[in-house]
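So the protein sequences, as listed, match chains A and B. Residue numbers for the first sequence follow our numbering, beginning at 27 and rising by one. Residue numbers for the second sequence follow our numbering, beginning at 5 and rising by one. Reading through the structure tokens given below for one structure.
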Amino acid sequence: GDSVTQMEGPVTLSEEAFLTINCTYTATGYPSLFWYVQYPGEGLQLLLKATKADDKGSNKGFEATYRKETTSFHLEKGSVQVSDSAVYFCALGGRDDKIIFGKGTRLHILP
Amino acid sequence: AAGVIQSPRHLIKEKRETATLKCYPIPRHDTVYWYQQGPGQDPQFLISFYEKMQSDKGSIPDRFSAQQFSDYHSELNMSSLELGDSALYFCASSSERGLAGGRRYEQYFGPGTRLTVT
């Protein structure tokens, strides 16, 4: 079945460092891909999305490109801030409209 | 812009009690999804409704039931609560059904209801 695999955390970086969180997927057909962010004690927020191959989703300095050839959707940011500390979920729009999430990656940014 | 509303935001119940969680989708959204997120876990799909009919079912226990009403709001009913039911329950809504062979939809998530079973 459809699935998402993302790098395990926690990931700890210093402020202004470069961030990459790897995500790969397994799916039939052409799923939509998403990154969701969950700040401490809060709900899920859609960070960015891509609906077809080679699409680049971007928001708040974060970017991810839908790579069909490598079945990947890695999240990147050039310069992280303390306020980016959160849990990040890679996800795909799977069969029958449900969203399938990865296990989440906790990100800690040190000042 | 209006978002998905969930109520209550927090709920504390004892074992074997019942709980009802409510979800009000974004206006004109016809599809509602329920997800359960255990402590430190990723959200897991429970059930979804499209135009008041159940459209898909995931890992939802038989003790749970849900429905979507004529105004498109949805309720998740949970009976004989167990300690393991303690979780954050998300509702999401969308306005586009996935078509066979293509998925071009976006689900908007509510803030969640945190259920604690003691």
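We treat Cβ as the ideally placed atom computed from N, Cα and C, and that holds for glycine. For clarity, every value in this text was computed on a predicted model and none was experimentally measured.
Cβ-based burial, residue i [other Cβ within 10 Å; buried from 16]
| i | result |
| --- | --- |
| V108/A | exposed |
| K124/A | buried |
| D80/A | exposed |
| S58/A | buried |
| T103/A | The sequence given here has Lys at residue 103/A, not Thr. Classification of K103/A: buried, given that the 10 Å Cβ count is 16 or more. |
| T117/B | buried |
| F44/A | exposed |
| L87/B | exposed |
| S74/B | exposed |
| S63/B | exposed |
Chain A contact for residue i (CB, 8 Å cutoff)
| i | result |
| --- | --- |
| G42/B | no |
| T4/B | Residue numbering for chain B in the displayed model covers 5 to 122; residue 4/B lies beyond these limits and cannot be assessed. |
| D34/B | no |
| P12/B | no |
| F53/B | no |
| D66/B | no |
| F113/B | yes |
| F73/B | no |
| P47/B | yes |
| Y37/B | yes |
Own chain residues within Cβ distance below 6 Å of residue i, not counting five before or after
| i | result |
| --- | --- |
| S105/A | E42 |
| Y28/B | I9, H77 |
| Q72/B | V36, F53, K56, S78 |
Chain B contact for residue i (CB, 8 Å cutoff)
| i | result |
| --- | --- |
| D28/A | no |
| G35/A | no |
| G128/A | yes |
| I135/A | no |
| G83/A | no |
| T131/A | no |
| F99/A | no |
| I125/A | yes |
| L70/A | yes |
Proximity to residue i [Cα-Cα], best of the options
| i | options | result |
| --- | --- | --- |
| S99/B | H14/B, K17/B, I30/B | I30/B |
| T52/A | G130/A, L45/A, Q32/A, G27/A | G27/A |
| H100/A | D110/A, C116/A, S111/A, K86/A | C116/A |
| N85/A | G69/A, R93/A, Y62/A, G67/A | Y62/A |
| S111/A | P36/A, V30/A, L133/A | L133/A |
| K173/A | R93/A, V37/A, T54/A, Q32/A | Limits of chain A in this structure are 27 at one end and 137 at the other, which puts residue 173/A out of reach. |
| Q45/B | I135/A, V113/A, L136/A | V113/A |
Cut-off 8 Å between Cβ atoms - residues of its own chain near residue i, not counting five sequence neighbours on either side
| i | result |
| --- | --- |
| A6/B | I30, P31 |
| K17/B | A23, L85, L119, T120, V121, T122 |
| E34/A | K129, T131 |
| M82/B | T22, A23, T24, L25, R67, F68, D89, L119 |
| Q41/B | P47, Q48, A91, L92, Y93, F94, G116 |
| R13/B | P115, G116, T117, R118 |
Cβ shell of residue i (< 7 Å), same chain only, five flanking positions each side left out
| i | result |
| --- | --- |
| V30/A | C49, Y51, C116, A117, L118, I126, F127, G128 |
| I135/A | L39, E41, V106, Q107, V108, D110, S111 |
Residue i Cβ short of 7 Å to the ligand MN heavy atom set
| i | result |
| --- | --- |
| V108/A | Judged by which ligands are present, the structure shown has none, so any question about the ligand MN falls away. |
TODO: Count the C-beta pairs between the stretch 28-40 of chain B and the stretch 73-86 of chain A that are closer than 8 Å, then say yes if the count reaches three, no if not.
DONE: They do not touch, by the three-pair rule.
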